[in-house]
Structures are given as C-alpha cells and as structure tokens.
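See structure below.
There are 2 protein chains.
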Amino acid sequence: MKATITDVAKVAGVSMKTVSRVLNNEPNVAAKTRERVLAVATELKYSPNLAAKGLASSRSYLLALVYDNPSPYYIAKIQSGAIDGCRKFGYHLVPEPLGLPDDAAETTQEEAVHRLLHRLPVDGVILTPPLSDSSGVIKALESMNIPFVLVAPSGQKTGISAVKMDDVQAAREMTNFLIAQGHKSIGFIKGHLEHSATALRYEGFQEAMAEANLKVHDHEVKQGDFSFRSGVVAAEELLEDVNTRPTAIFASNDDMAAGVVSVASRLGIVVPDELSVCGFDDTPLAKILFPQLTTVQQPIYEMGFEAVKILLDPALKNTPALTRNLDFKLVVRDSALIQGS
Amino acid sequence: MKATITDVAKVAGVSMKTVSRVLNNEPNVAAKTRERVLAVATELKYSPNLAAKGLASSRSYLLALVYDNPSPYYIAKIQSGAIDGCRKFGYHLVPEPLGLPDDAAETTQEEAVHRLLHRLPVDGVILTPPLSDSSGVIKALESMNIPFVLVAPSGQKTGISAVKMDDVQAAREMTNFLIAQGHKSIGFIKGHLEHSATALRYEGFQEAMAEANLKVHDHEVKQGDFSFRSGVVAAEELLEDVNTRPTAIFASNDDMAAGVVSVASRLGIVVPDELSVCGFDDTPLAKILFPQLTTVQQPIYEMGFEAVKILLDPALKNTPALTRNLDFKLVVRDSALIQGS
DNA sequence: ATCGAGTATGACAGCGCTGTCAAACCTTTT
DNA sequence: AAAAGGTTTGACAGCGCTGTCATACTCGAT
Numbered sequence: 304m305k306a307t308i309t310d311v312a313k314v315a316g317v318s319m320k321t322v323s324r325v326l327n328n329e330p331n332v333a334a335k336t337r338e339r340v341l342a343v344a345t346e347l348k349y350s351p352n353l354a355a356k357g358l359a360s361s362r363s364y365l366l367a368l369v370y371d372n373p374s375p376y377y378i379a380k381i382q383s384g385a386i387d388g389c390r391k392f393g394y395h396l397v398p399e400p401l402g403l404p405d406d407a408a409e410t411t412q413e414e415a416v417h418r419l420l421h422r423l424p425v426d427g428v429i430l431t432p433p434l435s436d437s438s439g440v441i442k443a444l445e446s447m448n449i450p451f452v453l454v455a456p457s458g459q460k461t462g463i464s465a466v467k468m469d470d471v472q473a474a475r476e477m478t479n480f481l482i483a484q485g486h487k488s489i490g491f492i493k494g495h496l497e498h499s500a501t502a503l504r505y506e507g508f509q510e511a512m513a514e515a516n517l518k519v520h521d522h523e524v525k526q527g528d529f530s531f532r533s534g535v536v537a538a539e540e541l542l543e544d545v546n547t548r549p550t551a552i553f554a555s556n557d558d559m560a561a562g563v564v565s566v567a568s569r570l571g572i573v574v575p576d577e578l579s580v581c582g583f584d585d586t587p588l589a590k591i592l593f594p595q596l597t598t599v600q601q602p603i604y605e606m607g608f609e610a611v612k613i614l615l616d617p618a619l620k621n622t623p624a625l626t627r628n629l630d631f632k633l634v635v636r637d638s639a640l641i642q643g644s
Numbered sequence: 304m305k306a307t308i309t310d311v312a313k314v315a316g317v318s319m320k321t322v323s324r325v326l327n328n329e330p331n332v333a334a335k336t337r338e339r340v341l342a343v344a345t346e347l348k349y350s351p352n353l354a355a356k357g358l359a360s361s362r363s364y365l366l367a368l369v370y371d372n373p374s375p376y377y378i379a380k381i382q383s384g385a386i387d388g389c390r391k392f393g394y395h396l397v398p399e400p401l402g403l404p405d406d407a408a409e410t411t412q413e414e415a416v417h418r419l420l421h422r423l424p425v426d427g428v429i430l431t432p433p434l435s436d437s438s439g440v441i442k443a444l445e446s447m448n449i450p451f452v453l454v455a456p457s458g459q460k461t462g463i464s465a466v467k468m469d470d471v472q473a474a475r476e477m478t479n480f481l482i483a484q485g486h487k488s489i490g491f492i493k494g495h496l497e498h499s500a501t502a503l504r505y506e507g508f509q510e511a512m513a514e515a516n517l518k519v520h521d522h523e524v525k526q527g528d529f530s531f532r533s534g535v536v537a538a539e540e541l542l543e544d545v546n547t548r549p550t551a552i553f554a555s556n557d558d559m560a561a562g563v564v565s566v567a568s569r570l571g572i573v574v575p576d577e578l579s580v581c582g583f584d585d586t587p588l589a590k591i592l593f594p595q596l597t598t599v600q601q602p603i604y605e606m607g608f609e610a611v612k613i614l615l616d617p618a619l620k621n622t623p624a625l626t627r628n629l630d631f632k633l634v635v636r637d638s639a640l641i642q643g644s
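Written out as structure tokens, the structure is:
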C-alpha cells in the first residue's frame, strides 16, 4: 500500500540506489539482483511516489494538453490518444483549457500560458489547433523552455515539432473519388475563413479538378463556416437552379455536409442517386445521418498519440524537431456511392 | 522563473516558514509581514513547486476523473466542469480512462483502479457512470482511503457523496409536456438494459401516464439500447401499423430519437405535425437534426463542477457524505411542439 | 600473482516544501 | 511588576526519491 524504496531495499537486502536502478531500467545491475528486487517490489506492491521522483529528478511526469477548441469531439480524441501514449511512458496527461471565464483579467494568451505552466511545471506540452498557430502561446513556451509539439498547425515552422495530416491530399483524393464516379459538376462548400484547414481543403479540391480538366465554376463554390446552418444555406444556393445543379457536393466538413443532406431531403432530391454528398472529419454524425456520409477520417487519435511519442520517446531524444505526417482515410459510405456503379 | 520559498524568505527578511504560512493563507501572520511577503513573491514571480508541496504535505494537488464511458461527449462535459472546479482550488485534473487495451492482463476493475491510483496518488477521485455503479471500483477506492464522489449513480449508497440528476422527474415532466399537448397515445423507447438511467426514465414516463389516467399499451413500449440503430428499429415497429400508431414518441435518448425522426421522414410522416418526437440528453445532435429535438438537458457540466466542490471545498470539509441533486432543463424545440397549439 | 578496466553496488546529500515544536514577543490581568 | 495567555516567528527534520561519487568486486591479460 505505502511501500517505499527503502522497504523494498531492506527486504531485498540491497541499497535504495540499486532498487532505484532496477525500477528505472538503468544499466549495470546484475541480472540476479534485478530479478530479486523485481520480485520483492511485486510482492510488496511497491509503486513509486511521483511527487518524490519529480522532486528529486526535477521532472513532473506530467504532460499538458493545452487547448482552446470549441469542438469537444476533436479534443476528446486527441486526449484519448495522448493519454494512451502517456501510459506507455509512465506519464499522465493534464488537460488545460485556455481562456476560461474564471480569469477575466487575463490579458493575452501568452500570459495565460505562462501563468498556467508556472504553477504546473509539466515536462512537455501538446498544442491543439487553433492554438498551434498562436505565436503568442508558442513564444511563451519557448521562453519557458518547455518542450512542445503542435497538432495540425497550418504553417511549417522550422525547429518545431508537429504532427499533422495532409488536408490538401485528402481533399484531392475525395475529389478524385467523386470524379471517378463520373461526376463532372461538383459543388464545393468552403469552411470557416479563419480556420487553416479551409484553404487547404479547397486547394486539394481545385487541384484534383484541374488535373481532371474539369472547370470549377464560381457558382459551384460557396463560402461556409463549418456550421450545419451554413451548409444549409450553401446547399440551398447550390441546388436552387435545377439546370445548373451539380451532381455532387463536397462539403469541407461533416456538419455542413449534414446541412446539404437535409436540404436535399427537403427538396426531394434523393441522395446519392441524384446527388452525391461528401464531408470531411468523420464525426459521429456521419454514421448517424441517413444516408451515412462519405467522408475523410482524420487520424486525430493518432496525432495525440504521436505527439506524446515525440515528446517522450527516448529514441527520439536528440532529434531536434520533426514533423509526423499521419495518414487519413477515405471512408466511403452511402451518401456518395452510386448504387451499382 | 525558478524562485523558491527560500529566495522569497531571504528577500523579505523572514523565515521560510513564514513565507509558507502567507502563501497558504494560514492564520497568525502579522498583516504587515503578510503584505511584505506577498509583495516580494509577486516581484520574484514566485510560484510553488507542486511536487515539493506534495511530497512535504503528502497531497498531490491532483484529482482523477476515472471513466469508462463510450460517450466522449458526456465525459468531455463532465471534465470541463471538473477542470473549472479544480482551478478554483489550485488543483489539476487528470483524466484516467479505465480498461484500455494497453494492459490486457488487467483482470478486474478493482485491480485496475488500485494500480492506477497507486502510481498517481491523487487527493480525490470522480467516478462517472457506469463506473459510479461499480462496486469493485468503489471498494478499491475505499480500501485505499481516497475520497471520491460518484456522478449519477443509480442507487443511493449511504456514506458516499454523489452528484446526480432526477431522471425520473425529468422523464415525468417530459411526458407531462407531451400530455399537455394533447397526446394520448405515446410511444416509449427504452434505453440500454444495463444502464441505470433506463429504468428511471421509463419509471418517470409510466408515472406521468398513470397520473393522467392514460394507459401504456405494451405495443407502445419498445426496448432500445441507446443507439441510433435501435431507435430506427423501434420506430419502425411503433409506426408500422397506421391504426395503432402513437401520436408522439418519447425516446430515452437523443440518438434513438434521431432514429425515430429519420424513420418518420422516410415514411413521409411529418414531424411534429403528425408525430411529436422527443429525446433525452440534449446532445449536439439535437440541434443539428431537422426538426430540432425537444429533449432534456442534463446538468453534466455542473455535475463535474459540483463533484470537485464536494471533494475540495474546505467549507464542506467535515460533512461526511452528501448528495447534490442538480436541476435538469426541458428544452422544447420543434420536434415536439405542435404548431399553433 | 598483478594490474587494469570494466561492472556492480552503496553512502550520502539534497530537491522545495511543510509539520512540529520551541522561542520570542505582545497584551492584559492581578 | 509579574504572571498568564495569546499571537507571531523561526529552526530543523524529513517527505521518497535520484544524482554524484566512491568503493568493491570480477575477469581476462600480462
């Protein structure tokens, strides 16, 4: 229950230091000694006191997940991956939302981060979008000399580690899929202007269309903001005119795609027979909708997991800064699958 | 940046202990001394080292949120409330999912908890459903002498603190609302058998019906499992026969209500004109659906917040065990609002 | 046998803080 | 003016662990 290293040392008949060495997998311990210590530790149900370890080694065995993201779904997945990663290294994750109303006097994000990590001296920080693009937060982290990894940052900063996904490529593949299904007139709904993914996804769409020698007409591209409502509005415009109506609509995220589906169903347009719809993100919504949404599954869990690995894996200890590009997955479901084609 | 108590003590011309007293708001410090110390601390940007505090006081300033819940949405909200609570007390929250595949050898939940909290000796634990009903987990916590609070447990255990919501009353009010709208034949879809809320919500439904002298026919009650699919199946059965078709359907959660809406729309039944639908939980889905769902908003965030308060609030320090009953909210939206009624 | 070069182990200080207990300093009361 | 009781302060040990450095032990090569 409350066995300490000293206890284990006494029972095993060795010094505290040797026990410490065994428990931390340090070299230069006789195999026999190691075994014995391990056996005693198990028997005594020893488990280290993190506070003491931390105090002695000036590490905290804690990683912070700093976020400021309205999407609980996204954060939950990142977190889930990050926690699993932490467990592999005996670490724990502390989620730290920024910009809570509890501190109205908080001026800048930079200060907020400073204060936060001053109190809780973690060994590393994972920054989720849109914070991964916040120069203030990054500056704070650098000034405090805390290792950190960006999740899905928009720009490529040199000297900073990051985990990301290729949005352009994903959008391109989705578009190619649509084109392969025989679609020539494809509507596109853009995302929120300030979100970095917006431009990337549109870029991928444009590239694929260009490669297939298909023209992207202005009236086929609508500005949305990632909300269901904006998808509805855009869809109404896109589907308004029966003559110029596209045969497929590619929405920059699932919520907007859901808006499209709902408009189509109201207008009596059968999906996917008369209109293919696809989204992006593979939110839970995608499977709930009828028909189920064809969409892009982002490696969100994996990004959390990899971010931790970059921070903690001793094998990567001396790699200065690396960017992990993780694989997305095209999830083809009924909303964009021409039956029998 | 790295100022210690010793530094502050030196500059302020007092002993470490006095600084400690000031920083922890202990009594018996001259006002003048307190002021001076505070000033120096601010000037030096002192902030305590949690590991050292923890080691010395055998507290960790950490609370664990232990869960094993498939619904990220629910957990995210609890967590959000709990984090806000923690901040008020200078604490931090560590989410700890149970039953991850990282430890396949894990036998019982009891052991898992034991191991977990042995490693990370937190000052308190918040248990979310369905873990709040797990006697194994509770036993482990009790044996380790770690204070804990149950979130939405099904039974009323004496001597254990809990935060909960009155599911029965909520279901009753929702049913009453439907009855007030003139419905006499109301279909009900039950939730997952093993989930404690299932029975409670059904109970509330039955009570309201009985109070209004309405009979609950067997064919109007279907077993679901909280999934969208099960809502679809149940709705198909409920709506199959045009003659015995209910005029309203009360699904035990939003996902199943979404299933009902989708079936209705496929069958050409207009919601809410020909069929009122309501759900339970007020998930994000409820607002995305068309029409938007009438549902019950649970005080999930508040439960997280209150749980922390019970654990940490010094004012409640000596209260042995208390149960906080938090208010739900009936959210009336289009899916169950007879136009112009 | 003797030396050197690992390899294995232990003694001990100290990480930054708090708890304990004693000392010093006020008041007020007699 | 002394005793009593309260308030304010500080000295010091020690929480459980790791880092440093010294010591002891092992083994092949001379």
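First to last, the sequence lines map onto chains A and B. The end of the first sequence is residue 644 by the working numbering, with every number in the run present. The end of the second sequence is residue 644 by the working numbering, with every number in the run present. Ideal placement from N, C-alpha and C gives every residue a C-beta, glycine not left out.
CB contact check: residue i to chain B, cutoff 9 Å
i	result
P424 of chain A	yes
P351 of chain A	yes
F531 of chain A	yes
R636 of chain A	no
Q600 of chain A	no
K320 of chain A	no
D558 of chain A	yes
L588 of chain A	yes
G427 of chain A	no
S568 of chain A	yes
Proximity below 9 Å, CB of residue i to CB of residue j
i	j	result
Q340 of chain A	T309 of chain A	For the record, residue 340 of chain A in the displayed sequence is Val; it is not Gln. Contact: no.
G458 of chain A	F553 of chain A	no
A537 of chain B	K518 of chain B	no
M559 of chain B	S530 of chain B	yes
A342 of chain A	A315 of chain A	yes
D630 of chain B	A589 of chain B	no
G507 of chain B	A474 of chain B	yes
N633 of chain B	D426 of chain B	Note that residue 633 of chain B is Leu in the sequence shown, not Asn. Cβ atoms of L633 of chain B and D426 of chain B: not closer than 9 Å.
R627 of chain B	Q595 of chain B	no
Under 8 Å by beta carbon: chain A residues contacting residue i
i	result
L396 of chain B	V397 and P398
Residue from the options with nearest C-alpha to residue i
i	options	result
G384 of chain A	A:L578, A:T501 and A:F608	A:F608
S499 of chain A	A:L517, A:H520 and A:K467	A:K467
R418 of chain A	A:V397, A:A443 and A:D436	A:A443
T727 of chain A	A:T622, A:F451 and A:S446	Residue 727 of chain A lies beyond the range of chain A shown here (304 to 644); nothing can be said about it.
L353 of chain B	A:T550, A:V416, A:H421 and A:V634	A:H421
K487 of chain B	B:A511, B:T622, B:L453 and B:V471	B:A511
E476 of chain A	A:L503, A:K460 and A:L358	A:L503
A378 of chain B	B:P400, B:T598, B:V574 and B:K391	Reading off the sequence shown, one finds Ile at residue 378 of chain B, where the question assumed Ala. Nearest option by C-alpha distance: B:P400.
V564 of chain A	A:P623, A:A515 and A:I492	A:I492
Contact with chain A by residue i, beta-carbon distance below 9 Å
i	result
I591 of chain B	yes
Y376 of chain B	yes
S383 of chain B	yes
K380 of chain B	yes
S565 of chain B	yes
G462 of chain B	no
T309 of chain B	no
G393 of chain B	yes
G418 of chain B	The sequence shown places Arg at residue 418 of chain B, rather than the Gly named in the question. So, interface residue.
Contacts that residue i makes with chain A (C-beta to C-beta distance below 9 Å)
i	result
Q472 of chain B	Ordered by position in chain A, no residue passes the 9 Å Cβ test against Q472 of chain B, which lies about 27 Å from the chain.
S363 of chain B	L353 and A354
Contacts of residue i in chain B (Cβ-Cβ under 7 Å)
i	result
H421 of chain A	S350
I449 of chain A	Near I449 of chain A there are no residues of chain B at all, since even the closest Cβ is about 12 Å away, more than 7 Å.
G357 of chain A	A354
Contact list for residue i against chain A, beta-carbon separation under 7 Å
i	result
I386 of chain B	P398 and P400
Chain-ordered neighbours of residue i on chain B, where CB pairs are closer than 8 Å
i	result
A561 of chain A	I591
Please give me, in chain order, every unbroken run of the beta strand (DSSP E) with length at least 3 that falls completely inside the stretch 439-469 of chain B. 451-454 and 464-468
Complete runs of the alpha helix (DSSP H) confined to the stretch 546-598 of chain B [at least 4 residues]: Taken in chain order, the complete alpha helix (DSSP H) segments of 4 residues or longer contained in the stretch 546-598 of chain B are 557-570 and 588-591.
Report the start-end ranges of each beta strand (DSSP E) in the stretch 348-413 of chain A that is 3 residues or longer and not cut off at the edges. 365-370 and 395-400
For a minimum of 4 consecutive residues, which ranges assigned as the alpha helix (DSSP H) are wholly contained in the stretch 487-542 of chain A? 499-514
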